[in-house]
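**Q** Residue numbers (my numbering): 2 to 166.
One structure is given below, represented as structure tokens, and several questions about it will come after.
Encoded structure:
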């Protein structure tokens with residue numbers, strides 16, 4: 002994109018040697034036609050987008066999931082579970098989804114732009130809170146009891162939440 006114009010400012014900023022110092026056909030400037038004309042080429046800084054969809058464990062869209070790429074780059078999923086992170090500069094971004102009561106697979110992912118990328122999808126699994134008190138008792142008959150409480154993600158990853166003897 003080019004920008005053209007003129008100025009009659011005596012201190013118009015420019016780079017030495019980047020202009021012609023001859024005015025008029027005889028090399029003089031006659032008032033009121035004395036003005037500096039300029040042509041500037043503007044290059045817009047390119048920007049990129051990252052898009053994706055967040056669904057639940059049954060493939061249904063999840064509304065209201067915040068997807069963050071750090072800093073001011075974030076969006077909230079719409080009724081179709083879609084999000085768009087726009088106006089990103091070239092670089093790497095770590096996408097992290099969050100919504101109260103859910104954990105996500107993957108927990109985060111790193112994406113590099115350019116180019117703009119789509120298909121950066123997540124699956125959210127609702128964490129259910131049990132309100133019933135267990136009615137079973139385990140008796141070890143004098144032997145230590147060993148148990149492990151694990152959280153299993155949809156991608157078969159496991160996290161030990163509690164391991165006790």
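Note that beta-carbon positions come from the ideal geometry of N, C-alpha and C, so glycine has one too.
The structure presented is a predicted model; accordingly, all values stated were derived computationally and were not measured.
Quick one: is residue 43 buried, meaning 16 or more other Cβ sit within 10 Å of its Cβ, or exposed?
**A** One-based indexing of the chain shown puts residue 43 at position 42. The residue is exposed, with fewer than 16 neighbouring Cβ atoms inside 10 Å.
**Q** Please confirm whether residue 55 and residue 120 have their CB atoms less than 8 Å apart.
**A** On the chain shown, residue 55 is found 54 positions in, with the first residue counted as 1. On the chain shown, residue 120 is found 119 positions in, with the first residue counted as 1. Contact flag unset, no.
**Q** If I measure Cβ to Cβ from residue 97 and keep anything under 6 Å in the same chain, skipping five residues before and after, which residues do I get?
**A** Position 96 of the chain shown, counting from 1, holds the residue named residue 97. Cβ within range, chain order: 69, 109.
**Q** Using only the alpha-carbon positions, how far apart do residue 105 and residue 114 sit?
**A** In the chain shown, counting from the first residue as 1, residue 105 sits at position 104. In the chain shown, counting from the first residue as 1, residue 114 sits at position 113. Computed Cα separation, rounded: 23 Å.
**Q** For residue 63, which residues in the same chain have their Cβ closer than 8 Å to its Cβ, ignoring the five residues on either side in sequence?
**A** As a working mapping, residue 63 is identified with position 62 in the chain shown. So the list reads 55, 56, 57, 78, 82, 100, 103, 125, once near-sequence residues are dropped.
**Q** List the endpoints of the continuous beta strand (DSSP E) containing residue 88.
**A** Working through the chain shown from its first residue, we reach residue 88 at position 87. Per DSSP, residue 88 belongs to the beta strand (DSSP E) from 83 to 89.
**Q** Among the candidates 50, 65, 122, 84, whose CA atom is the shortest distance from the CA of residue 93?
**A** In the chain shown, residue 93 corresponds to position 92, counting from 1. Out of 50, 65, 122, 84, 50 has the C-alpha closest to the C-alpha of residue 93.
**Q** Pull up the DSSP beta-bridge partners for residue 58, would you.
**A** Along the chain shown, read from residue 1 onward, the residue named residue 58 stands at position 57. According to DSSP, residue pairing for residue 58 in a beta bridge does not occur.
**Q** May I have the straight-line CA-CA distance separating residue 90 from residue 45, to the nearest angstrom?
**A** By 1-based counting over the chain shown, the position of residue 90 is 89. By 1-based counting over the chain shown, the position of residue 45 is 44. Cα to Cα, the separation comes out at about 12 Å.
**Q** Which one of 85, 116, 128 has the shortest CA to CA distance from residue 122?
**A** On the chain shown, position 121 is the one that residue 122 refers to. The option with the nearest alpha carbon to residue 122 is 85.
**Q** Note down, in chain order, each residue of its chain lying with its Cβ closer than 7 Å to the Cβ of residue 80, except the 5 sequence neighbours on either side.
**A** For this step, residue 80 is matched to residue 79 along the chain shown. Excluding sequence neighbours, residue 80 sits near 62, 64.
**Q** Apply the 10 Å Cβ neighbour rule to residue 40 and answer buried if 16 or more other Cβ atoms are within range, or exposed otherwise.
**A** Residue 40 sits at position 39 when you count from the first residue of the chain shown. The residue in question, residue 40, is exposed, as its Cβ has fewer than 16 Cβ neighbours within 10 Å.
**Q** Quick one, which of 88, 76, 95 has its alpha-carbon nearest residue 47's?
**A** On the chain shown, residue 47 is found 46 positions in, with the first residue counted as 1. Among 88, 76, 95, the Cα nearest to that of residue 47 belongs to 88.
**Q** Please list, in chain order, all residues of the same chain as residue 117 whose beta carbon is under 6 Å from its beta carbon, the five residues on each side excluded.
**A** Here residue 117 corresponds to residue number 116 of the chain shown, with the count starting at 1. Taken in chain order, the residues that qualify are 49, 50.
**Q** Let me confirm a value: residue 53 is counted as buried when at least 16 other C-beta atoms fall within 10 Å, else exposed. Which label applies?
**A** Working through the chain shown from its first residue, we reach residue 53 at position 52. By the 10 Å Cβ count, residue 53 comes out buried.
**Q** Can you check the segment 91 to 136 for any beta strand (DSSP E) of at least 3 residues that lies completely inside it and give the ranges in chain order?
**A** 92 to 99, 103 to 106, 110 to 114, 123 to 127
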